[in-house]
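Asker:
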Amino acid sequence: MDATQDSLSSTTPRRRRPVRRTLLLVVGSLLLLVILAVGGLGTWIAVSFANARVDTVGEVDFDRVLAVPRLAESRVEPDGTRVFSLRMQEGESDLGGERPTPTWGFAGAYLGPTLRATRGEKVRVEVTNGLSEPSTVHWHGMHLPPEMDGGPHQMVEPGTTWSPHWVIDQPATTLWYHPHPHGATASHVRRGLAGMFLLDDPADSAGGRVGAALPHRYGVDDVPLVVQDVRLDDDGRIDDQESLFSSVGALGDRVLVNGTPGPYDEVTAQRTRYRLLNASTARTYTFAFSDRREFALVGTDGGLVERPVSLDQIVLTPGERAEIVVTMEPGDRTVLRSEPLPDRFGGGSRFTGDDDRLDVLELRAADRLDPSPPLPRRLAPPPDVDPSDAVRTRTFQVSSNAINGRRMDMGRIDAQVEDGSTEIWDVSSGDGGLHNFHVHDVQFRVVSVGGRTPPVDERGWKDTVPVRPGDPVRLAVRFDLPPGASGAPGGAPYMFHCHLLRHEDSGAMGQFVVVPPGQGSDTATAPPTPTTAHTH
Ligand code: C2O
Ligand code: CU
5 MDATQDSLSS TTPRRRRPVR RTLLLVVGSL LLLVILAVGG LGTWIAVSFA
55 NARVDTVGEV DFDRVLAVPR LAESRVEPDG TRVFSLRMQE GESDLGGERP
105 TPTWGFAGAY LGPTLRATRG EKVRVEVTNG LSEPSTVHWH GMHLPPEMDG
155 GPHQMVEPGT TWSPHWVIDQ PATTLWYHPH PHGATASHVR RGLAGMFLLD
205 DPADSAGGRV GAALPHRYGV DDVPLVVQDV RLDDDGRIDD QESLFSSVGA
255 LGDRVLVNGT PGPYDEVTAQ RTRYRLLNAS TARTYTFAFS DRREFALVGT
305 DGGLVERPVS LDQIVLTPGE RAEIVVTMEP GDRTVLRSEP LPDRFGGGSR
355 FTGDDDRLDV LELRAADRLD PSPPLPRRLA PPPDVDPSDA VRTRTFQVSS
405 NAINGRRMDM GRIDAQVEDG STEIWDVSSG DGGLHNFHVH DVQFRVVSVG
455 GRTPPVDERG WKDTVPVRPG DPVRLAVRFD LPPGASGAPG GAPYMFHCHL
505 LRHEDSGAMG QFVVVPPGQG SDTATAPPTP TTAHTH
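Each residue of the sequence shown is one higher than the last, beginning at 5 in this note's numbering.
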């Protein structure tokens, strides 16, 4: 029998008092410990909170000229197919750290060349995996057969080549490509595997006149901006540690544009079109100029907008693109920045980077600028998907590791949609956090956000939309089998997912197939799809 039990059974005050004292002492020290622990934790949280905010405004030297990804070479085969080659490889890059950074790239050490093709053209891309692990290449925003999509079902083993081919069958726009291996997309993209894929349409709605009136000299007055954030450790390696409180994944503390740290762009024309791509894995940018100058939004993910829209700020979540036209006077200077996330995004969490301010790119106008024509008043017809044609409504609740409470399963089809049909997809945040939603193969129309008309920058064709907590997004999506796709049962599926890549990797992804009319269904009924690697 130990002293405590003894004392509890005892009734003699003489023996009780020391026990009570001991108890008091024990309880007291425990309390003290708790107070200290809570205090320490509090301090630690306060320090982490203070450190979590990144502010590089005024601290970037802008001493390197902006690199512009080269246009990928291609050859045209006798049947008219345009053929590109892309090799995924390892290398080293100067990302502004103390030492060279080990990176991955396409046909180079970091990022990849810009692919460019014209509506109606047949293309083939010979994708060779020169890495030491399997990966894929997905054509983000492209309308193409599911076997060519480069999602997690089209893994390319090291040392092999995969050659998807399709016909370009959509309006002129700014797409991009990046790996999509299930569970590892964030790490492959963060190491540098990303590139632009531009589409042209010489017969646009005005017989090619719109494209000709917009700035269109690649690398001169039509410049891609692949924007990424990165954090480097002392050895110059990319640090993908996530802050303990971050729910979005690893955030960087410096910005690269086309892989250039601290870049400036020498502006030589009155008007320059910048094709902005948020190629970050986790960070949402609120782009604005240091002098609050206005710019014209001319294109969104899937094509030109109806007419140029004047804005002084634009928010892009990971994966989204915007084409903007900036007008400069000779000798002008301004800095493209990322500002704190506007309140309407409802986040406001310091640990998800919402409070951060980042210098991105300095624009320096030359003393003489090439004249540019005024912007056309009308650019393209508005998205012609009519929500009243919808044959089905599906709802998607996105959380950080699941959609509708289900985690991604390569063997489960989550939706069977019918060829030629329009559906309403209602998407909301299921956990109070900011997400976004990307659907493969299609460009859709945003019908409403939080029950209201969508903001001006979400009225054109989109393939990725922000999903703000409390503001459900209603999409009207038309599914058409692309040329060359059969819709036969058992074919490869397309993906839909959150493009905050940590969420995608953790399971916030689902699969859909496009099937012949009459065979659609609401939920998972299809048998598991074979997941063989398509390597030739
Ligand atoms: Cu940009 Cu499914 O990806
Ligand atoms: Cu998400």
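Cβ coordinates follow ideal geometry from the N, Cα and C atoms, glycine included.
Residues in its own chain within less than 6 Å of R235 by CB, not counting five upstream and five downstream?
Answerer: D243, G256, D257
Asker: Once you ignore the five residues that flank R18 on each side, which residues in its own chain have a CB closer than 7 Å to its CB?
Answerer: Its pLDDT being 48, under 50, R18 is placed unreliably by the model, and the measurement read from it follows with that caveat. Residues of the same chain with their beta carbon placed closer than 7 Å to that of R18 are lacking, with the five preceding and five following residues left out of the count.
Asker: When you compare only the Cα positions, how much space is there between P521 and D484?
Answerer: 11 Å
Asker: Could you name the residues of the same chain whose beta carbon sits closer than 7 Å to that of D509, not counting the 5 residues immediately before and after it, in chain order?
Answerer: G187, A188, T189, A190
Asker: Below 8 Å on the Cβ atoms is my contact criterion, and I expect L119 with G199 to pass it. Report the Cβ-Cβ distance as a whole number of Å.
Answerer: 7 Å
Asker: Between T285 and ligand 1, is the CB less than 8 Å from at least one heavy atom?
Answerer: no
Asker: Can you list, in chain order, every residue whose CB sits closer than 6 Å to a heavy atom of ligand 1?
Answerer: H142, H144, H182, H184, G323, H442, H444, M499, H501, H503
Asker: Can you grab the Cα-Cα spacing for the pair A537 / V87, in whole Å?
Answerer: Reliability fails at A537, whose pLDDT of 43 lies under 50, so the model's placement of it is uncertain and the value that follows must be treated cautiously. Approximately 21 Å, taken between the alpha carbons.
Asker: What is the residue span of the beta strand (DSSP E) that G95 lies within?
Answerer: 86-97
Asker: Thinking just about the alpha-carbon of each residue, which of Q93, G116, V64, L35 is nearest to the one in E137?
Answerer: Closest by alpha carbon: Q93.
Asker: Should the stretch 361-373 be regarded as contacting the stretch 336-350, the criterion being three or more beta carbon pairs within less than 8 Å?
Answerer: yes
Asker: What are the uninterrupted segments assigned as beta strand (DSSP E) that are 3 or more residues long and contained completely in the stretch 118-160, given in chain order?
Answerer: 119-122, 126-133, 142-144
Asker: Check whether the Cβ of P493 lies closer than 9 Å to any Cβ atom in chain C.
Answerer: Included in the structure is just one protein chain, with no chain C present.
Asker: Nearest to A300 by alpha carbon, out of L148, V517, P473, L379?
Answerer: The option with the nearest alpha carbon to A300 is L379.
Asker: Quick one, are the C-beta atoms of G266 and D67 less than 9 Å apart?
Answerer: Cβ atoms of G266 and D67: closer than 9 Å.
Asker: Thinking C-alpha only, which one of M513, T468, G303, T105 is nearest D239?
Answerer: T105
Asker: If you count every other CB in all the chains shown that lies within 10 Å of the CB of A292, and 16 or more means buried, which is it?
Answerer: buried
Asker: Considering Cα atoms alone, identify which of R348, M332, V451 is closest to D225.
Answerer: M332
Asker: Taking buried to mean at least 16 other C-beta atoms within 10 Å of its own C-beta, is H182 buried or exposed?
Answerer: H182 should be labelled buried.
Asker: Using the rule of at least 16 other Cβ atoms within 10 Å of the residue's Cβ for burial, across every protein chain shown, is L70 buried or exposed?
Answerer: buried
Asker: Along the chain, where does the beta strand (DSSP E) that runs through S425 open and close?
Answerer: 425-433
Asker: Which residues in the same chain have their Cβ closer than 6 Å to the Cβ of H540, if we skip the five residues on either side of it in sequence?
Answerer: Note that H540 scores 41 on pLDDT, short of 50, meaning its location in the model is unreliable; the coordinates nonetheless yield the value given after this. Once the five neighbours on either side are set aside, the close Cβ partners of H540 are S167.
Asker: Who are the near neighbours of G524 in its chain, counting only those whose CB is closer than 8 Å to its CB and skipping five residues on each side?
Answerer: For G524, where only same-chain residues beyond five positions count, the Cβ hits under 8 Å are V395, R396, Q420, V421, E422, S425.
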